[in-house]
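**Q** Before I ask anything, let me first share the structure, which is written out below as structure tokens.
In my numbering, the protein residues as written are 36 to 238.
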């Protein structure tokens, strides 16, 4: 007499299908959005509002890509802007050197000695703004100081990208911080980005 044995359900294929479906639902929009041309993406004027004072950069329209605590990040086309907020700062130049030094770490590069890193570079200052550049890193850092009771508080924006892209982004940030056009010396420092990139490629 034939015997019949109940077979366990084959759930492996079902689980795999469900997992793939969930991944498509969750990640699909991100992939679609990333594939959209820049003209279709949602951009808005950059506003710094983490501290007790707010800074608006109306001439800089970017796509917000991250925000966490005292940090934020924007995708500005061919350049990226990372912002950190600090309070009770008494050395704004050292603050910028540390910001750029940390960016070396983010890019997997050797961390420079803080005692010597960019120590010979004269900072560019005007109004409430201070600027330093690191051509090797292809990055510019701009500190925006608060006013009045917030005079010891700073927004630090680190801009990375090609020389042209960084200049296009740094100019409105500097204008917002100082009321002035980006100085020629700053443009020259940023212009060295592509020269350093060419030197690395030729090695």
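Don't be surprised by glycine CBs; every beta carbon is placed ideally from N, CA and C.
Using CA coordinates, which residue listed in 221, 210, 179 and 207 is at the minimum distance from residue 88?
**A** Walking along the chain shown from the start, residue 88 turns up at place 53. Among 221, 210, 179 and 207, the Cα nearest to that of residue 88 is on 179.
**Q** By Cβ distance below 7 Å, which residues in the same chain neighbour residue 97 in space, the five residues on each side in sequence not counted?
**A** By one-based count along the chain shown, residue 97 stands at place 62. Same-chain partners within the cutoff: 78, 81, 109, 110, 111 and 116.
**Q** Are residue 136 and residue 212 touching if we call contact CB-CB under 9 Å?
**A** Residue 136 sits at position 101 when you count from the first residue of the chain shown. Residue 212 sits at position 177 when you count from the first residue of the chain shown. No, Cβ-Cβ distance for residue 136 and residue 212 is not below 9 Å.
**Q** Count the other CB atoms, across all protein chains shown, that sit within 10 Å of the CB of residue 119; report buried if there are 16 or more and exposed otherwise.
**A** Counting from one through the chain shown, the residue named residue 119 turns up at place 84. Residue 119 is buried by the Cβ-count criterion.
**Q** Please confirm whether residue 175 and residue 201 have their CB atoms less than 9 Å apart.
**A** Start at 1 with the first residue of the chain shown, and residue 175 comes out as number 140. Start at 1 with the first residue of the chain shown, and residue 201 comes out as number 166. Their beta carbons are under 9 Å apart, which means residue 175 touches residue 201 by this criterion.
**Q** Whose CA, out of 161, 169 and 206, lies closest to the CA of residue 155?
**A** Here residue 155 is taken as the residue at index 120 of the chain shown, counted from 1. Out of 161, 169 and 206, 169 has the C-alpha closest to the C-alpha of residue 155.
**Q** Between residue 203 and residue 228, is the Cβ-Cβ spacing less than 9 Å?
**A** Taking the chain shown and counting its residues from 1, one reaches residue 203 at position 168. Taking the chain shown and counting its residues from 1, one reaches residue 228 at position 193. Contact flag unset, no.
**Q** Quick one: what does DSSP say residue 207 is sitting in, helix, strand or coil?
**A** Working through the chain shown from its first residue, we reach residue 207 at position 172. Reduced to three states, the DSSP call for residue 207 is helix.
**Q** What's the C-alpha gap between residue 69 and residue 177?
**A** On the chain shown, position 34 is the one that residue 69 refers to. On the chain shown, position 142 is the one that residue 177 refers to. Note that residue 69 scores 48 on pLDDT, short of 50, meaning its location in the model is unreliable; the coordinates nonetheless yield the value given after this. Straight-line Cα distance between these residues: approximately 28 Å.
**Q** In chain order, what residues of the same chain have a beta carbon less than 8 Å from the beta carbon of residue 217, not counting five sequence neighbours either side?
**A** As a working note, residue 217 is residue 182 in the chain shown. Cβ neighbours of residue 217 beyond the five flanking positions: 202, 205, 206, 209 and 210.
**Q** Does the beta-carbon distance from residue 187 to residue 125 come in below 9 Å?
**A** Here residue 187 is taken as the residue at index 152 of the chain shown, counted from 1. Here residue 125 is taken as the residue at index 90 of the chain shown, counted from 1. A contact, by the Cβ cut-off of 9 Å.
**Q** Taking all protein chains shown into account, do 16 or more other C-beta atoms lie within 10 angstroms of the C-beta of residue 190, making it buried, or fewer, making it exposed?
**A** Translated into the one-based positions of the chain shown, residue 190 becomes position 155. It is buried - the Cβ of residue 190 has at least 16 other Cβ atoms within 10 Å.
**Q** Flag this pair as yes or no: are the beta carbons of residue 153 and residue 159 separated by less than 9 Å?
**A** For the purposes of this step, residue 153 is identified with residue 118 of the chain shown, where counting begins at 1. For the purposes of this step, residue 159 is identified with residue 124 of the chain shown, where counting begins at 1. Cβ distance not < 9 Å, so residue 153 and residue 159 don't count as in contact.
**Q** Quick check on the DSSP output: the alpha helix (DSSP H) that includes residue 141 runs from which residue to which?
**A** Numbered from 1 along the chain shown, position 106 holds the residue referred to as residue 141. Its alpha helix (DSSP H) spans residues 127–141.
**Q** If we ignore side chains and look at the alpha-carbon of each, how far apart do residue 19 and residue 171 end up?
**A** Since the displayed the chain opens at 36 and closes at 238, residue 19 lies outside it and no answer follows.
**Q** Report the rounded CA-to-CA distance for residue 57 versus residue 83, giving the unit in angstroms.
**A** By 1-based counting over the chain shown, the position of residue 57 is 22. By 1-based counting over the chain shown, the position of residue 83 is 48. Any reading at residue 57 must be qualified, since the residue scores a pLDDT of 42, below 50, and its modelled position is unreliable; the value itself is stated next. Residue 57 and residue 83: Cα-Cα distance of roughly 36 Å.
**Q** Name the one or two DSSP bridge partners that residue 96 has.
**A** As a position in the chain shown, residue 96 is number 61, starting the count at 1. Per DSSP, 80.
**Q** Measuring only the C-alpha atoms, how far is residue 99 from residue 107?
**A** Your numbering for residue 99 matches position 64 in the chain shown. Your numbering for residue 107 matches position 72 in the chain shown. Their Cα atoms are separated by approximately 8 Å.
**Q** For residue 91, write down the residues that DSSP places opposite it in a beta bridge.
**A** Within the chain shown, the letter at position 56 stands for residue 91. For residue 91, which the question treats as bridged, DSSP gives the partners 82.
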